[in-house]
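Report on the structure given below.
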Amino acid sequence: MNAGRMPMRQVMAVLRRAIPDVGKWWPGESRFEILVGAVLTQNTTWVSVEKALDNLRVLGLLNPEALRDASQVVIGEAIRPSGYWRTKAEYLLAITDWFLAFDDSAQAMDDAELRASLLGVRGVGEETADDILLYAYGRGTFIYDAYGRRLLEAAGWGEYRTYKQARMACDSAIRSEGFSVEEYGLLHGLIVQAGKDARAAGGWGVYWPRIVGAGA
DNA sequence: AACCAGGAGACAT
DNA sequence: ATGTCTCATGGT
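So the first sequence is numbered by the working numbering: it starts at 263 and just counts up by one.
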């Protein structure tokens, strides 16, 4: 089946034509900041995350040593704009401990080892782990988030019940198409931006045919 | 004013 | 292995 499955490189071409510039899509001035952002953005818009990151930066807490020594309440106050402040303050302390313990040895780990190590951290699930793998450690990974699901469905890849299932299918397909790490990063950025545009346009049902047709 | 955002964990089934 | 609840704030 999957007669309508469009090759990922072609999907990317369609998206690049529709979205000329996503910029440096995951902002972050340090690797640690990317980890913090990955936790804060869970089920939350990036605009809200930026407010939380700014608050942490002003307090001098955007580095691992300072954050580790900060109280959960102080962290919670700073990150309040991004929601779930009790939960995420706890998660941030957990990922900070991981960073202090394993960041140095991360380069020596292969992709699967690093992913497993991250998944062992409280507050790091499949999607957050993949965000970190791709944007903090430069490992080629397809991020199967809510936007990715909608895009794949629109592009004829069908539906996958679980994150793992979809990730495996997409990763192997993309790997066989020879994507570089930079292309993986760009792809996810394009998908998220396209998701926003699609919603403004009235859904993927109208948006996708439009941007596909725009080049044909 | 309901609905959703760049999810994850606990718990029941 | 697969659903349902909860967590919290901000913007449509």
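Ideal Cβ positions, reconstructed from N, Cα and C, are used throughout, including at glycine.
With a cutoff of 8 Å on beta-carbon distance, residue 276 and residue 474 are scored as near each other. Fully enclosed alpha helix (DSSP H) runs of no fewer than 4 residues occupy 293-302 of the region 278-315, in order along the chain.
Relative to the Cα of residue 458, the nearest Cα in the group 410, 417, 420 and 476 belongs to 410.
DSSP assignment within the region 385-456 yields the following whole alpha helix (DSSP H) runs of 4 residues or more, N-terminal first: 388-397, 408-416 and 425-438. Contact annotation: the region 312-323 does not touch the region 265-272, with fewer than three C-beta pairs closer than 8 Å. Per DSSP, reduced to three states, the secondary structure at residue 379 is helical.
A contact between stretches requires three or more CB pairs, one per stretch, nearer than 8 Å, and the region 392-407 meets this requirement with the region 444-453. Here residue 274 carries a helix assignment [DSSP, helix/strand/coil]. Under the three-pair Cβ rule at 8 Å, the region 412-429 does not count as touching the region 319-329. CA-to-CA, the gap between residue 477 and residue 326 works out to about 47 Å. The C-beta distance from residue 381 to residue 370 rounds to 18 Å, too long to fall under 8 Å, and the pair is not in contact. Using a Cβ distance threshold of 8 Å, residue 366 and residue 389 do not count as a contacting pair.
For residue 351, the enclosing alpha helix (DSSP H) covers residues 347-368. With a beta-carbon spacing of about 6 Å, residue 357 and residue 301 fall inside the 8 Å limit used to define contacts.
For residue 412, the CB contacts under 8 Å within the same chain, skipping 5 residues up- and downstream, are 457, 460 and 466 in chain order. Residue 432 has its alpha-carbon roughly 32 Å from the corresponding atom of residue 362.
Pairing residue 355 with residue 368 gives a Cβ-Cβ distance that is not under 8 Å. The beta carbon of residue 306 is closer than 6 Å to those of 344 and 345 in its chain, skipping five residues each way along the sequence.
The alpha-carbon of residue 280 is positioned some 26 Å away from that of residue 310. Looking from the CA of residue 296, the closest CA among 351, 353, 328 and 393 belongs to 393.
DSSP places residue 325 outside both helix and strand once states are collapsed to three, so it counts as coil. Approximately 14 Å separates the beta-carbon atoms of residue 451 and residue 273; this is outside 8 Å, ruling out the contact. With contacts defined by Cβ atoms closer than 8 Å, residue 384 and residue 425 do not form a contacting pair.
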